[in-house]
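As given, the protein sequences belong to chains F and P, one line each in that order.
Going by my numbering, the residue at position 165 of the first sequence is 157; the numbering climbs one at a time, nothing skipped.
Going by my numbering, the residue at position 142 of the second sequence is 134; the numbering climbs one at a time, nothing skipped.
Beta carbons are placed, not taken as given, at the ideal position from N, Cα and C, and that holds for glycine.
On a predicted model such as this, the values are computed, not experimentally measured, just so you know.
Heads up, the thing below is written out as structure tokens.
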Amino acid sequence: MKKKLGILLLTALALFSCAKKQEPIVISPEDYHGSVDKVTEVMIHDIFSPPVASRIYAYPNVAAYEILALKGDGYNSLQGQVTDLPQIPEPENRENVNFDLAALIAHIDMNKRLIFSEDRIEAYRDSLYGIWEEMNAPEFEASKAFGLKVAGHIAAWMDKDNYKQTRTMPKFTVDSDEPSRWQPTPPAYMDGIEPHWSKIRPFVIDSAAQFKPAPPPPFSMEEDSDFYKEVKEVYDISNEITSKGDESEEIEIAQFWDCNPYVSVTRGHLMFATKKITPGAHWIGITKIASRKTDSDLAKTIYAYTKTSIAIADAFISCWDEKYRSNLIRPETLINEHIDDSWEPVLQTPPFPEYTSGHSVVSGAAATALTSIFGDNFAFDDDTEIPYGLPVRSFKSFAAAADEAAISRMYGGIHYRAAVEIGVNQGRSLGKFVVDHLDMN
Amino acid sequence: MIVVFVLFFCAISCQKKSEKQFKKLSSKDTEIDFVNLLSETPDLNILNYLYYYNGAGVVAADFNNDSLIDLYFIGNQVADELFLNKGGLTFKKVTLQAQIENINGWTTGATHVDINHDGLLDIYVCKVGNYKHLDDANLLYINQGVDKNGVPIFKEDAASYGLDFSGFSTQAAFFDYDLDGDLDLYLMNHSVYPNRTYGKGKQREKVDKLSGDVLFENQNGKFVDISSQAGIFQGKSGYGLGLSVSDINNDGFPDIYVGNDFFENDYLYINQKDGTFKEVISLDNNKLGHTTHFSMGNDIADINNDGLMDIISLDMLPEDLETYKTSGLEYGFPIYQQYLRNGYSPQYMQNTLHVNLGNERFAEIAHLSGVAATEWSWGALLADFDNDGKKDVFVSNGIKGATNDMDFINFISNDNLQRRIEQGMSHADMPLIEEIPKKKIHNYFFKNNGQLTFSDVTELWADKETSFSNGCVYADLDNDGDLDLVVNNVDHEAFVMENMGNSNNSISVKFKGAQNNTFGIGAKIVAYTDSLKISQENFVTKGYLSAVPPIMHLGLGKDSIIDSLKVIWPSGKIQTQYNLPAGKRIVFDESTASIHQQPEHLSINPHFKILDSLVDFVHSEKPTLDFDREPLVPFANSNEGPDISVADINNDGLDDFFISGAKAQNSALYIQQEDGSFISHQTGLFDKHATNEDTSHVFFDANGDEYIDLLVVSGGNEFKGGNPLQPRLYLNKKGILHPDSQQFKNIEVNASKVLATDFDNDGDQDILIASDQEPGQYGKTSRQYFLENDGSGNFMDNTQSVIPEIEFIGNVKDVISTDLDSNGYMDLVVVGHWMSVSIFLNDGGQLKLQKNNGLKDTQGWWNTVVACDIDDDGDLDLICGNWGQNTKFKASKEKPITLYSADFDDNGSKEPLITYYHKNSETPFASKDELVKQMPYLNKTHLSYKDFAKASLQELFGQKQLEQSEKKSIVELASVYFKNDGKGNFTKHELPKMAQASPIYDIAAEDLNNDGYPDLLIVGNNYEISTQLGRLDAFHGLTLDNNTHGGFNVAKASGFEISGAIRTLKKIMIAGKPAYIVGRNNDSPIFLIKNQ
């Protein structure tokens, strides 16, 4: 009886919906922010390292952007501007396709391919699909078919970026006989992350080594050497700011920009991981803030995400190239060995070589990209870290935020001065190159 | 009438037979209702005291001298309780009457001692003080004698004795360390500091007054801290959880074993007889090899009845596969090496069973013996529960909060929990702790089968009830001649388990010691019966935080008479009683003991004398890169050297030798002098090829000029090709070697072995070069080479025409040539990894793979083969060295170890996927973390560790993919000898268990005892293996005596005592005496001169 009733209801619904007027589906910038936020959330859950996370942001945005460019709102395709990017196909029947919707669908589909917990993206997707289906089934179906087709093309291009091949390449070799060489750090003593990231195909830059920075000061633990002075400076700054207590500005800055996706914590006998967004994700968050503040339309929003995420992805390739070239040891290892065996950095040392600072390079590049989109002296309140229990910080410009992100790594006790100062410039030069070479609008 | 009676009796005994060994008694009957109840509070919980779930102890002793063993239970948070034994396995709680009032703070372990030698046992209780709000000191309850109701009255007076230590105490042991007649105290404490970094091992040398261990010397009733002068480590890196005392080296002076949790080594303190101890694990990591990593309880007793005390230490290796795969594991190999270099000894997550070989050397054989994995374990008891004369094992385990669950660490511990912890917990937050996974597990019983193996008899001996069990003791509570068990449980009533007995005999022994050691602590007994020799020591701190009665219980099996029972008192006095009937309870009184006797010395004349190295050569490996390059492999293939070749190269009648260097190390030639010394010869010659990792070489006359030439091959999985893989021929011109530039030019081979023999009886030496793999492609079959000599030293690759089937026979590790079928032509025996033992018979024209010879399904990880006539029947038998049986791997034809090579992730390179069987399920060997680094797609389908652990191999990798893989397998891991029936059929026989304790790398067959039968000298060990397998270091030189009827016995005290990762054993004459040179990987060679 119950079953029968159900069928009746369904039939009634179907009749009702058939009878309903089809409304056009409108995709707002907020819809796109929603999808970006979703992939960020899943990335945190699944745990991706910062370089891998940058790749996960870039490809879905490119997929969405290319659809947008095809729509012809004044944005130019990246084909010919981004390495080996093929032309995406035209939809079979252009009139039936809602390009905005297709762009969002492609974005979601690419996200699903890139993360692990597909069910989480699927649940999000299906709830949207349900709404769109109801609003305008024909428009939805056509746009979906096109969006997925484009996603397939972008994915085929993505699969040739050497990511899979780098999985089976040798690990970083730990060799403590070489005193300057990076060693795994407490407490998790993880393997060096992504030692072959420089072999990933970049988007815009010619090669991973194009923005090769000057080498760090020559390694020496002689007290009058430049290198030793930098080690000692990290130790001294750390002592100075920790003596001021957790409320000190410097510690607040360090924690605000921590952006470590996996911090291993021990309390008593309990171990767990504190998971946060990555440096790239923080700048993706700033992109959202700027888009909203400027009331950017969907096209500009996608443009902003795409340009910024490309700059970030290339910044990681460039930075990782240098990290595993100089293979420099972290302050924590040296300070524990030579200065103070009980010293702990304010932030947990991330598991890869020190030089240059990833956050500095990425922040330099991202800020440059954002400045090119939203202009210099763009003041904003950065609330990206609120979900992780951190406060809002205000900046007068993207560049100022990047400078703070860079210096935060010294306050955090995880980088020497050279890595942040040279690193942020490395990122800016790279960012400028990306901005100069991309003719997007 | 009689018939009826007999029938009736039978009915009872038959019924009894079906009963289990142990019966858990109800608290309604025993009146033991003790529960170690934990109540988490914001002040004290697992988040701010790391040992909150470690449980508490129990003390079994007769406190009122009524010959019934009473029980004192420790409560961590709840009050301790004393139960008097009323007989008949009923008890009465008398805590209040006894005036025991330990109701505050946090209590851990306890032991008993007659501190004032009044014949009444006192109780020493360990507590945590000086930590957060906990401010207690340790307690000494001094027994004042019984009141009118027979209840002993106690008075706390630790302070008078200087024993009111207030720090982080775990457990204490009273014993006479300096043999001055009174009892001193080792107080084991535990660190409470978070172990964020492993830091330097050296930090153990610093002193931390709260967490460091303390040795107190009893100076006329005052206990004085003499830790520093006695050489005791007192650092804050010591997380002491397990404590045992034993005279490990049978020198009459008690030694100490301390099990430390986390990064810190365990400590084995050998008493130096001068008031000091020497800690041997930190001094020499060869002696014990590896130890437990997360050490919990331990126990020491003689498990193989050889008169030497063996050590068991517990860890947390899960037996259950799903638990194993969802738990945190050791660091990977490269990072683990880093940790070792910081000053630590090798430790692995597994229970360890160190069989004492004498001379302070031990073979760790927990996997071989079957006791390695018992989940999250606390208390170990070695005791003869079935009275068969052999010590069995009881393990208590379970934890209320398993904090190493990888899903909890990575996914479950949500932001909410984290932030609450950061902000300080309140009462309302306590339920959050409930989210930590619980591991309620049954306790384990293992029956000693003899021959160093144990069987898990948990279900046969007891009802399998899960619990959080910690402190445990054995004692004959009902004086019926068998050992009952008492277990203290978290959040559950203590278990009192009655031993239901059997028809075996037993005897118990009590001690009445001299004045200040009234209970004879440290006395040792040796009992001889018809079939048994049982040795036991009277140390009472046992069973994790607990103490057993000062009474020895000896199972005698079917023997009803003890021929002799000797007591050696700590004073050195000895007394013996003869012809004691079983069932007796004997008391030995030291005052009637005879004066000191010299302990017996074994008067065996060892076969060998070890010389200091006669050369300055030290084989030196670069850090192994195999696990960086191929993280999925189970062991490295880059630690193959050194090889040693012996010949007289200058025709002066003296043996010279060549030893190969590792990558970036010169190989070296040593010329013997008249006096038996060696000098390095032509050092410059080998510089040029220092890069090569030389793996094998052979002296032979290549060109028939009567001078012995040298052919060196290289490999070691270090180089992909080029110069370092080319064989090198050195031609000998009147004692000087000259590199040849003509031969072997076109060959590049990752070689494992080179052999020279005249295969075609044409008077010149032909060459066989074996290869064990393609460099960097684990398990891939590489090509073998047969090179025929034209008589003047020109070599032709004639593999295809002479031995075609050998070309891709497998991953060859060793080849020997010998005439197996006595047809006058040299045959070949080939062994290697992932391949069967293979024989190639030489018919004068060709060598053909022998079929139907009984060796078909013998795929193993074979490293070496030797041919000799074991049984003196006129044909050659084969002795083959394999991986052994001392790891978690087992292999059979039905349940093989399998190597699937395929490009699982479609990235153009093949991954070596190795699987093994755990019970009935085939499972990948590599951890999830390693697998997903190589194949991230696995995370798409199996992100959580639990999903991964539950998934079948097919679910993980796809049935089709697995089927299409290139497969190799292992079906035999034991080292064996194949008996030749003279007609070309070989029958497999396993070498003795002790020969299975480690991989065998070389075997020398020689008649050591001149009985006409070859005996065996066996060497091996492998240190470069996955940290999931530990370190295979149990061999310290093994001598097997031929029993003259086709088998072998392990020889004792042969003098063949060598530790390290040994690769080769070569005969040489030194100064006219037969000798061996032993080549050790990454170490100096050892020289052994044969005693004649």
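Excluding its 5 nearest sequence neighbours in each direction, F:G415 has C-beta neighbours in its own chain below 6 Å: T348, S349, S352, V353, listed in chain order. Spanning the alpha carbons of P:K78 and P:K84 requires a straight line of approximately 7 Å.
For the stretch 157 to 174 of chain F, the beta-carbon criterion of a distance under 8 Å to any beta-carbon of chain P is satisfied by Q157, R159, T160, P162, K163, F164, T165, V166, D167, S168. Using beta-carbon distances, F:A143 does not count as an interface residue toward chain P, since no partner is under 8 Å. For the C-beta of P:F254, not a single chain F residue is nearer than 9 Å; the gap to the nearest is close to 10 Å. When rounded, the separation of the alpha-carbon atoms in P:K911 and P:A943 is 15 Å. Beyond the five residues adjoining it in sequence on each side, F:Q175 comes within less than 7 Å, by CB distance, of V166, S168, I321, T325 in the same chain, given in chain order. F:L362 places its beta carbon 8 Å or farther from that of F:T270.
The beta carbons of P:F600 and P:K1082 sit closer together than 8 Å. Taking F:P342 as the centre and dropping the five residues before and after it, the same chain places the C-beta of N252, I406 closer than 7 Å to its C-beta, in chain order. In this structure, P:P1077 places its C-beta atom within 8 Å of the C-beta atom of P:I651. In the DSSP assignment, F:D111 falls within the alpha helix (DSSP H) that extends over 110 to 150. Cβ neighbours of P:F286 within its own chain (closer than 7 Å, five residues either side excluded): D253, F254, D307, M308, M341. In the DSSP assignment, P:K502 falls outside any alpha helix (DSSP H) and within the unbroken beta strand (DSSP E) covering 497 to 504. Beta-bridge partners assigned by DSSP to P:K1065: P:I1062. In chain order, T160 make up the part of chain F whose C-beta sits under 7 Å from the C-beta of P:E903. Boundaries for F:K285: no beta strand (DSSP E) harbours it, while the alpha helix (DSSP H) harbouring it runs 271 to 285, taken from the DSSP string. In the DSSP assignment, P:S936 forms no beta bridge with any residue. Taken in chain order, no unbroken stretch of alpha helix (DSSP H) lies wholly in the stretch 1000 to 1048 of chain P with a span of 4 residues or more.
Annotated three-state conformation of P:Q195 is helix, per DSSP.
Non-local beta-carbon contacts of F:M182 in its own chain, meaning distances under 8 Å to residues more than five positions away in sequence, involve P176, P343 in chain order.
P:N834 is bridged by DSSP to P:L839. Counting only the Cα atoms, P:D608 lies some 10 Å from P:Y662. Taking a C-beta cut-off of 9 Å against chain F, none of the residues of the stretch 275 to 304 of chain P qualify. For P:L954, the uninterrupted alpha helix (DSSP H) run begins and ends at 951 to 956, by DSSP. The beta carbons of P:T344 and P:A365 sit no closer together than 8 Å. For F:M102, the uninterrupted alpha helix (DSSP H) run begins and ends at 91 to 106, by DSSP. Looking from the CA of P:V968, the closest CA among P:L202, P:N874, P:Y908 belongs to P:N874. For F:A359, the three-state secondary structure derived from DSSP is helix. Judged by DSSP in its simplified three-state form, P:P573 adopts strand. The Cβ of P:L617 sits closer than 8 Å to at least one Cβ of chain F.
Think of a sphere of 7 Å around the beta carbon of P:Y41: the chain F residues whose beta carbon falls inside it are G260, in chain order. F:Y24 has its alpha-carbon roughly 41 Å from the corresponding atom of F:T234.
Within the stretch 217 to 246 of chain F, no residue has its Cβ closer than 7 Å to any Cβ of chain P.
Of the candidates F:I17, F:Y297, F:P323, the residue whose Cα lies closest to the Cα of F:E131 is F:I17. A buried status is given to P:S498, since no fewer than 16 other beta-carbon atoms sit within 10 Å of its beta-carbon.
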